[in-house]
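Asker: Structure provided below as structure tokens; questions to follow.
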Amino acid sequence: LDFLAQKVNYSRCYFSSIFKKCMGMSVWDYICIKRIEEALTLIKTTDKNIADIAWLCGFNNTVNFNKLFKKYTNVTPSYFRK
2 LDFLAQKVNY SRCYFSSIFK KCMGMSVWDY ICIKRIEEAL TLIKTTDKNI ADIAWLCGFN
62 NTVNFNKLFK KYTNVTPSYF RK
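Residue numbers (our numbering): 2 to 83.
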């Protein structure tokens, strides 16, 4: 968030509010959605294991990855791969 706000010369708080007003979601939600979209692509197109995909998509651990993946897709990464 700090990096993005700095790039457009806004404060962190102002950038967050403008982003949410324009995009209809928080910066964090947007980033999570983009990470999950990338994970979906990797699961469909590679044979990498789920832990590696989580790491490649910016998640620190598989617990958080699995939780967010299920939140946005309603299935687990392993189930999606089947």
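No residue lacks a Cβ here, since even glycine has one placed at the ideal position from N, Cα and C.
Reducing DSSP to helix, strand and coil, say where residue 77 ends up.
Answerer: Coil, per DSSP.
Asker: Taking only runs that begin and end inside the stretch 29–63, name each unbroken alpha helix (DSSP H) of 4 or more residues, in chain order.
Answerer: Segments of the alpha helix (DSSP H) lying fully in the stretch 29–63: 51–57.
Asker: Taking all protein chains shown into account, do 16 or more other C-beta atoms lie within 10 angstroms of the C-beta of residue 4, making it buried, or fewer, making it exposed?
Answerer: When all chains shown are included, residue 4 counts as exposed.
Asker: Tell me which same chain residues have a C-beta within less than 6 Å of the C-beta of residue 40, skipping the five on either side of it?
Answerer: Only 54, 58 meet the Cβ criterion.
Asker: Using 8 Å for Cβ pairs, my map puts residue 24 next to residue 15. What's the rounded Cβ distance?
Answerer: Between residue 15 and residue 24 the Cβ distance is about 15 Å, and since that is not below 8 Å, they are no contact.
Asker: Following the continuous alpha helix (DSSP H) through residue 24, name the residue where it begins and the one where it ends.
Answerer: Looking at the DSSP string, the run of the alpha helix (DSSP H) that includes residue 24 is 13–24.
Asker: Following the continuous alpha helix (DSSP H) through residue 5, name the residue where it begins and the one where it ends.
Answerer: Residue 5 -> alpha helix (DSSP H) spans 3–8.
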